[in-house]
Amino acid sequence: MLPSVVYLVPLLASIPTVNAKFSPVVDVGYAKYLGVYNSDLDLNTYYGIKFAQAPIGDLRWKAPVPVVEAKSYSGAVINGTMPGLSCFQGTPYWKTSSSPTITPQSEDCLLLNVIQPGTAKSNSSAKLPVVVSIHGGGYTQGDATSYPPVAFINHANNEFIFVSVQYRLGAYGFLGSEEVTKHGSSNVGLLDQRLAIEWTHKHIAAFGGDPDKITIWGGSAGGGSVTHQMIMYGGVKNPPFSAAIAEFPWWQNMRTKQQLEKQYSTLLSAANCTTLSCLRSLPEDQLAIATQLTYTTGYQNQEYGYGPFYYGPYVDGHIIRDLPSTSFKNGHFTKVPMLVDRDFYEGASFTNASISSFEEMAADLKIQFPSADASFTSRLWDLYPASAFNSTFWRRAAWFGDATIHCPTYYIASTVSASGQKIWKNIFNAGTQEHAAVGPFLAAFPEQLGHSPSGADNATIGLVMKDWYASFVVAGDPNKRSWSNVTKPFWPTYDKVAKEMMVNYTGIGVLDDAMFDKTERCAFWWENARVAQN
0 MLPSVVYLVP LLASIPTVNA KFSPVVDVGY AKYLGVYNSD LDLNTYYGIK FAQAPIGDLR
60 WKAPVPVVEA KSYSGAVING TMPGLSCFQG TPYWKTSSSP TITPQSEDCL LLNVIQPGTA
120 KSNSSAKLPV VVSIHGGGYT QGDATSYPPV AFINHANNEF IFVSVQYRLG AYGFLGSEEV
180 TKHGSSNVGL LDQRLAIEWT HKHIAAFGGD PDKITIWGGS AGGGSVTHQM IMYGGVKNPP
240 FSAAIAEFPW WQNMRTKQQL EKQYSTLLSA ANCTTLSCLR SLPEDQLAIA TQLTYTTGYQ
300 NQEYGYGPFY YGPYVDGHII RDLPSTSFKN GHFTKVPMLV DRDFYEGASF TNASISSFEE
360 MAADLKIQFP SADASFTSRL WDLYPASAFN STFWRRAAWF GDATIHCPTY YIASTVSASG
420 QKIWKNIFNA GTQEHAAVGP FLAAFPEQLG HSPSGADNAT IGLVMKDWYA SFVVAGDPNK
480 RSWSNVTKPF WPTYDKVAKE MMVNYTGIGV LDDAMFDKTE RCAFWWENAR VAQN
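Here it is as structure tokens:
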């Protein structure tokens, strides 16, 4: 599976069945949208709802401008029966050979999709819980259709509403420099996400949703995005969401100010520009070519190495005020109940399969952590001795996986628990066991499990995972609700005894995190966050 977290399961049942007689229309107050009804699953889907103005021209690299909420459509119903265009994608140099099929793209992409229960529940007076899904893809790839949720929704008897959002990616969403900050905004991709969540909070009641029961959910860079929404502005007391699910949260090293300036300079050169205003005046196709060139140039100049995606969130002092690990350690995050997970071998997908020597690994380490000194590297080799691994590949995969995903789940679980909020932690050791392995078990229908190319071949595990995660969304606790007849162990909250759930093929049960992430290795990465995440 590609690290872009597009769940590759058979999706015939997720393709909407158009029925003109039952085509739904929703009025969000300033516009009406025509959706599509799936009679097999009793679900309405509204595609391509615009939540912000097109970030083009002078609006490039500026905070998103909310869509004009005025009766300006003369009563016409907007067609929301087909997916909108994706935001412009970017492909890191090390990932070029496995680049996914490119979907139609546009800068006018700040859109969201809403999947609403059909006739029975949408006509009910009860307010339904809501999921806002932030897609993964290394902050450079993916769109609102990356995660097919209909099997998950249907498993829970259509008891919640699912919203999937798009945000500016790569250089469009995460370009940083003094000039960008002075004449625009930093981290605009995160601001896009926030505006989409705020739009949902404001308008979801029109779909039958409860604005006070919104769970933000993402995997990989989507999981990282969830944690960045939590640390945004140092944490806020009244966020537009009430709970969070961060799956295998991707915490790649962040660009320093000097690295951001170099990145900006690389884009200027690729675009044959010298100023930000020049970049803003470029035609869409020329800017797209220039941004993709930066991935090649940046890699060749060793500005990033194998695994990271070059662009991504960074510390700007205002929107993101400190590194994620430091922010969580200091309690500077929004306090909401949370569920966090990771897969067993997260580093494997981001490690070069051809790496075979210590010299290659040491050179890679220097690129990954340019500020690392001799004491840092010496301690790292001690913690990850060659004798503990059967190859250089797995040795490198171990420390990279710990630094970017494994240990962040421990930091999140321990600090959220210490803040007094409930949090549940899970390690998933089934399917491929690698990055995003849990995804197909949540995304596939039971009859599809066993036929997926993603390694999701156990229907019972799929039912267990859907029960737990849907229960968290609907009831705020993975143990409170169940829609299957499968017997499951009780999943305790992560607290001072650091208990977590382990899911694998030989059994499902509660284990001590000291066996996995509450370790000397993770303590090392936490203590050296300034090196590891810069």
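Using numbering that gives the first Met the number 0, you'd call the opening residue of the sequence shown number 0 and step up by one each time.
For each residue, glycine too, the CB sits at the ideal point set by N, CA and C.
Please read these numbers as outputs of a predicted model, since none were measured by experiment.
Buried versus exposed call for M229 [16 or more other C-beta atoms within 10 Å across all chains shown]: Counting from one through the sequence shown, the residue named residue 229 turns up at place 230. M229 is buried by the Cβ-count criterion.
Reference T350; option with closest CA among N271, E283, H434: As a first step, residue 350 must be located in the sequence shown, where it is residue number 351. Residue H434 is the option with its Cα nearest to T350.
Distance CB(V179)-CB(V131) smaller than 7 Å: Translated into the one-based positions of the sequence shown, residue 179 becomes position 180. Translated into the one-based positions of the sequence shown, residue 131 becomes position 132. Their beta carbons are not under 7 Å apart, which means V179 does not touch V131 by this criterion.
Per-residue DSSP class, three states only, for W423: Along the sequence shown, one-based indexing puts residue 423 at 424. Three-state result, W423: strand.
In DSSP terms, what D342 is bridged to: By one-based count along the sequence shown, residue 342 stands at place 343. Paired residue(s): F427.
Supposed close pair D142, T102 - CB separation, criterion 8 Å: Numbered from its first residue, the sequence shown carries residue 142 at position 143. Numbered from its first residue, the sequence shown carries residue 102 at position 103. Going by Cβ atoms, the distance from D142 to T102 rounds to 7 Å, so yes, they are a contact pair.
DSSP three-state assignment for A387, whether helix, strand or coil: Position 388 of the sequence shown, counting from 1, holds the residue named residue 387. It is helical.
Secondary structure of V473, DSSP reduced to three states: By 1-based counting over the sequence shown, the position of residue 473 is 474. If DSSP states are grouped into helix, strand and coil, V473 belongs with the helices.
DSSP state of S163 mapped onto helix, strand, coil: For this step, residue 163 is matched to residue 164 along the sequence shown. Reduced to three states, the DSSP call for S163 is strand.
Residue range of the alpha helix (DSSP H) that includes S184: In the sequence shown, residue 184 corresponds to position 185, counting from 1. Element bounds for S184: n/a, residue is neither H nor E.
Three CB pairs or more closer than 8 Å across the segment 327 to 343 and the segment 386 to 398: no
For Q257, the first and last residue of its enclosing alpha helix (DSSP H): Mapped onto the sequence shown, residue 257 falls at position 258. Its alpha helix (DSSP H) spans residues 256 to 270.
Identified DSSP bridge partners for Y36: Taking the sequence shown and counting its residues from 1, one reaches residue 36 at position 37. Answer is N43.
Segment limits, alpha helix (DSSP H) that includes K328: Stepping through the sequence shown from its first residue, residue 328 is reached at position 329. That run of the alpha helix (DSSP H) goes 323 to 328.
Residue from F332, P488, S176 whose Cα sits closest to the Cα of W60: For this step, residue 60 is matched to residue 61 along the sequence shown. Cα-wise, what sits closest to W60 is S176.
Classification of C108 by the beta-carbon crowding that lies within 10 angstroms, buried from 16 upward: Numbered from 1 along the sequence shown, position 109 holds the residue referred to as residue 108. Buried, because 16 or more other Cβ atoms sit within 10 Å of the Cβ of C108.
Segment limits, alpha helix (DSSP H) that includes V415: Translated into the one-based positions of the sequence shown, residue 415 becomes position 416. Start and end: 406 to 417.
Reduced DSSP category for A53 - H, G, I as helix; E, B as strand; rest coil: To locate residue 53, count along the sequence shown from 1; it is residue 54. In this structure, A53 counts as coil in the three-state DSSP scheme.
Cα-Cα separation, Q104 to K495: As a first step, residue 104 must be located in the sequence shown, where it is residue number 105. As a first step, residue 495 must be located in the sequence shown, where it is residue number 496. Roughly 47 Å between the two C-alpha positions.
Element boundaries [beta strand (DSSP E), containing E499]: On the sequence shown, residue 499 is found 500 positions in, with the first residue counted as 1. First-last of the beta strand (DSSP E) with E499: 498 to 503.
Beta-ladder partner(s) of N300, from DSSP: The residue given as residue 300 occupies position 301 in the sequence shown. N300 pairs with nothing; no bridge assigned.
Pick from I244, P488, W467, G475 that is closest to S481, judged by C-alpha positions: By one-based count along the sequence shown, residue 481 stands at place 482. Nearest of I244, P488, W467, G475 to S481, Cα basis: W467.
The segment 192 to 208 touching the segment 154 to 174, judged by at least three CB pairs closer than 8 Å: yes
Buried or exposed (CB count within 10 angstroms, at least 16 for buried), L510: On the sequence shown, position 511 is the one that residue 510 refers to. Exposed, by the Cβ-count rule.
Alpha carbon of L379 to alpha carbon of T80, nearest angstrom: The residue labelled residue 379 in the question sits at position 380 within the sequence shown. The residue labelled residue 80 in the question sits at position 81 within the sequence shown. Whole-angstrom Cα-Cα distance: 52 Å.
Close Cβ partners of K20 (< 6 Å) along its chain, the five nearest in sequence each way excluded: For the purposes of this step, residue 20 is identified with residue 21 of the sequence shown, where counting begins at 1. Any reading at K20 needs caution, since the residue's pLDDT is 49, under 50, leaving its predicted position unreliable; the model's value is listed next. Here the set comprises nothing.
Check whether N186 and P312 have beta carbons under 7 Å apart: Here residue 186 is taken as the residue at index 187 of the sequence shown, counted from 1. Here residue 312 is taken as the residue at index 313 of the sequence shown, counted from 1. The answer is yes: Cβ separation under 7 Å.
Three-way DSSP call (helix, strand, coil) for L441 in this model: By 1-based counting over the sequence shown, the position of residue 441 is 442. Residue state, collapsed to three classes: helix.
Contacts around W490, its chain only, beta-carbon distance under 8 Å, and the 5 residues preceding and following it disregarded: For the purposes of this step, residue 490 is identified with residue 491 of the sequence shown, where counting begins at 1. So the list reads W423, N425, W467, P477, N478, M500, V509, once near-sequence residues are dropped.
Own chain, CB closer than 7 Å to N153, minus 5 neighbours either side, in chain order: Position 154 of the sequence shown holds residue 153. These residues qualify, in order along the chain: L40.
Sub-7 Å separation of V463 and E158 beta-carbons: To locate residue 463, count along the sequence shown from 1; it is residue 464. To locate residue 158, count along the sequence shown from 1; it is residue 159. No, these two residues do not count as a Cβ contact at 7 Å.
Per-residue DSSP class, three states only, for V314: Position 315 of the sequence shown holds residue 314. V314: coil per DSSP, three-state reduction.
Integer Cβ distance of T459 from V485, believed to fall under 8 Å: Here residue 459 corresponds to residue number 460 of the sequence shown, with the count starting at 1. Here residue 485 corresponds to residue number 486 of the sequence shown, with the count starting at 1. Going by Cβ atoms, the distance from T459 to V485 rounds to 6 Å, so yes, they are a contact pair.
Euclidean distance between Cα positions of T333 and G233: Along the sequence shown, one-based indexing puts residue 333 at 334. Along the sequence shown, one-based indexing puts residue 233 at 234. For T333 and G233, the distance between alpha carbons rounds to 8 Å.
Range of the contiguous beta strand (DSSP E) that encloses K556: Here the chain has residues from 0 to 533 only, and residue 556 is not among them.
Whole-angstrom distance between K465 and D321, CA atom to CA atom: Counting from one through the sequence shown, the residue named residue 321 turns up at place 322. Counting from one through the sequence shown, the residue named residue 465 turns up at place 466. So the two alpha carbons sit approximately 34 Å from each other.
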